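Report on one structure; see the data block that follows.
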Amino acid sequence: MQVSSLNEVKIYSLSAGRSLPEWLSDRKKRALQKKDVDIRRRIELIQDFEMPTVSTKIKVSRDGQYIMAVGTYKPRVRCFDTYQLSQKFERCLDSEVVTFEILSDDYSKIVFLQCGRFVEFHSQHGHYYKTRIPKFGRDFSYHYPSCDLYFVGASSEVYRLNLEQGRFLNSLQTEASESNVCDINPVHFLFAMGTAEGKVECWDPRTRNRVGLLDCALSSVTADTEIEGLPSISALKFDGALNMAVGTSTGQVLLYDLRSSNPLIVKDHHYGLPIKSIQFHHQLDLIISADSRIVKMWNKDTGKIFTSMEPEHYINDVCLYPNSGMLMTANEAPKMNIYYIPVLGPAPKWCSFLDNLTEELEENPESTVYDDYKFVTRKDLENLGLAHLIGSSLLRAYMHGFFMDIRLYHKAKMMANPFAYEEYRREKIRQKIEETRAQRVQLKKLPKVNKELALKLIEEEGEEQQFSKKRKQKNLPSLLKDDRFKVMFENPDFQVDEQSEEFRLLNPLVSKISEKRKRKLKMLEELEAQGQEEEEEPEGKASDAESSESSDDEKGWVEEVRKQRKLLRQEEKLKRQERLKEDQQTLLKPQFFEIKEGEEFRSFKDSAKKQKLMKKTLEDRLKLEEKLGTLNVSDTTVGSKQATFKLKKSEQQRKQQEAEKRHRQERKTLRRSASHLKSRRGRGQLFH
């Protein structure tokens, strides 16, 4: 059981057991169940209270004994018996259910509106009858006095099906292009439908005429709301005879009195998501509204938030168990959530033990299984000397670190730093001493970095404080006490260099501005002393004199900047002359370069040629290589180009090839001379 609290309202999640780490093996989970009583006694309020994949709608029968839910996949309906705390039956359907309604006090009469335009009727034994409506339906309501079903959907018509006669009646023709939701008032049976254009049309079923029209889209737009399109109606619910709550697709809930066209209150969820469900809690005058992210409970008179819940998965529907503090949600997950909020009311009769259980839990605060494990990062392991355990069973990788047993962590910490307690004790004593020192009279100490700037700020702050005290104004925050700028007075890297060019050029301007500020403060003090208003000019000084004074200040500042620029140029000239003298005094010594073995030095012209070649474009270099024969570019049959390169040979390879060539030529000449001698000898023998 998970417990959360918002605005001091305890919310008990009964469907979620005690939090267990996902990486724990089944063996360890079984061991924890044997050791820990809380895990062994986890609450499973209703057995198998879930769907295979997703649950879309959930409702409670009027007698409170049966809870029915629909979901996927495959499309099915499940009925749970609260007296037996288990599932009573399950029926599979042909298509997904858009919404359903329990017509009887128990589960014996149910109507399903399916996404394939089908309307399916179920009795106690199972499927009873199936029919079809002309357009795709989105919602329907049952009118008990006349036994009529009103269907709204992707059409301007409202289809009526009479269950007593077993036939369709004349449709209601509306002005809307499409309708999303509908509801019938339980007191005077007024039929209301929410349209895609953001309007609510109210019809009288007796005369089949429209009796009212509310433009909720215009009323939902307030000064704080930001909308991107036209809000449509996504939820509708009556409360008693006169109140009606409307939910929009942009996340606003509007509460109306049927006697007025203006909403009593507009509540924004601030998520920009369509409102899925609206419920009323009459004992505390609360409205429970839900979108796909959050369930909010707020006062219908003031709009003040009572509490809220944010489940782990997206919400599809919310159901409040009658006359109790139990809340159930259908989610985008297999498990359907059950919440118990004791402030809303007592637990239902079939689970009255929850009241005693929650009282015991409030007396004994719950601890989590994560208390037995410590989360450490890789840096923490290196500090403890346990980096060699990474990859072993003692560490479990999780996010950017690891989980390890808390006992192992304490042992390793004691061995790594045995004097940790002494350091902690000394730190606490130092903090206590600092607290007592803060009560004494403190002297203003200048920081180590930027002392001149700090002194200037302190002086200006003192002058402004004196002036603000006289005028009874609030003091501005000090720059020295601001955490955003404290590094400027602590880190030496932020030290102002007064010899730099930027400072010397800006210093005349800063000094003139500070002088102007001082003169202005002095002038304002004189005005205050004379009892004149701030807008009046000081006596004996006209506005022309003030403007002439400001122009003189600007001239003086320009002259000062020019003077600084002239000095900077002279300093730069002197530095250049000194560098030239140093260059002339230095003697140029000859430098020797070693040539690699096997290479021959030709001249410095080769390097110059290479540099000149590298400066050329790729196209010029390719053309030059084509001329030299090292590159051959030709067109292929498919229209592309083919390039063939010949690698340049080094000097050593060239010499080796020349030697081989000479050797081959010498062997050729030897073979020729030998063959010539043989031929001469043969001719001589013949002659003899």
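Heads up, the sequence shown is in UniProt numbering, so the first residue is 1 and it goes up one at a time.
Backbone N, C-alpha and C fix where the C-beta goes; we use that ideal spot for every residue, glycine too.
Owing to the predicted nature of the structure, the values given are computational and were not obtained by experimental measurement.
Secondary structure at residue 487: helix, using DSSP grouped into helix, strand and coil. Boundaries around residue 244 are those of the beta strand (DSSP E), 243 to 248, since no alpha helix (DSSP H) includes it. In the three-state scheme derived from DSSP, where H, G and I count as helix and E and B as strand, residue 277 is classed as strand. Check the Cα spacing between residue 162 and each of 61, 172, 174, 147: the tightest is with 147. For residue 160, the pairing in a beta bridge is given by DSSP as 150, 169. With fewer than three CB-CB distances shorter than 8 angstroms, the stretch 168 to 182 does not count as touching the stretch 120 to 129. Exposure of residue 240 is indicated by the presence of fewer than 16 other C-beta atoms within 10 angstroms of its C-beta. Under DSSP, residue 181 shares a beta bridge with 194. Distance between residue 140 and residue 306, taken at the CA atoms: about 31 angstroms. Residue pairing for residue 252: DSSP places it in a beta bridge opposite 268.
Taking the C-beta atoms as reference points, residue 389 is found no nearer than 7 angstroms to residue 412. Around residue 299, the same chain offers 285, 286, 306 as residues with beta carbons nearer than 7 angstroms, after the five sequence neighbours per side are excluded. By a beta-carbon distance limit of 8 angstroms, residue 95 contacts residue 115. Their separation comes to about 5 angstroms. The DSSP-derived three-state label of residue 462 is helix.
The Cβ atoms of residue 247 and residue 265 lie no closer than 7 angstroms to each other. Annotated three-state conformation of residue 122 is strand, per DSSP. Counting along the chain, residue 286 sits inside the beta strand (DSSP E) bounded by residues 286 to 290.
Within the DSSP secondary-structure output, residue 377 pairs in a beta bridge with 401. When secondary structure is reduced to three states using DSSP, residue 306 falls in the strand class. Shown here, residue 114 sits in a strand according to DSSP, grouped into three states. Within the stretch 12 to 92, the complete beta strand (DSSP E) runs of at least 3 residues fall at 54 to 60, 66 to 72, 76 to 81, 86 to 92. Assignment of residue 414 by DSSP, reduced to helix, strand and coil, places it in the helix class. In the three-state reduction of the DSSP assignment, residue 100 falls in the strand class.
Of the residues assessed, residue 184 falls on the buried side of the cut-off, its CB having 16 or more other CB atoms within 10 angstroms.
Between residue 325 and residue 481, the alpha-carbon positions lie close to 51 angstroms from each other. Minimum Cα-Cα distance from residue 50 among the listed residues 670, 347, 36, 337 corresponds to 337. For residue 674, the number of other beta carbons within 10 angstroms of its own is below 16, and it is reported as exposed.
One Cα belongs to residue 569, the other to residue 489, and the distance between them is close to 32 angstroms. Look at residue 347 here: in three-state DSSP terms it is coil, with no helix or strand label. DSSP, read as helix, strand or coil, puts residue 141 in strand. Assigned with DSSP and collapsed to three states, residue 9 falls in strand. Residue 94 sits in coil when the DSSP states are folded into three classes, being neither helix nor strand.
By DSSP's assignment, residue 296 forms a beta bridge with 289, 308. The beta carbons of residue 233 and residue 269 sit about 15 angstroms from each other, so the pair does not count as a contact at 8 angstroms.
In the DSSP assignment, residue 130 falls within the unbroken beta strand (DSSP E) covering 127 to 132. Taking C-beta separations shorter than 6 angstroms and ignoring five residues to either side along the sequence, the partners of residue 409 in its chain run 374, following chain order.
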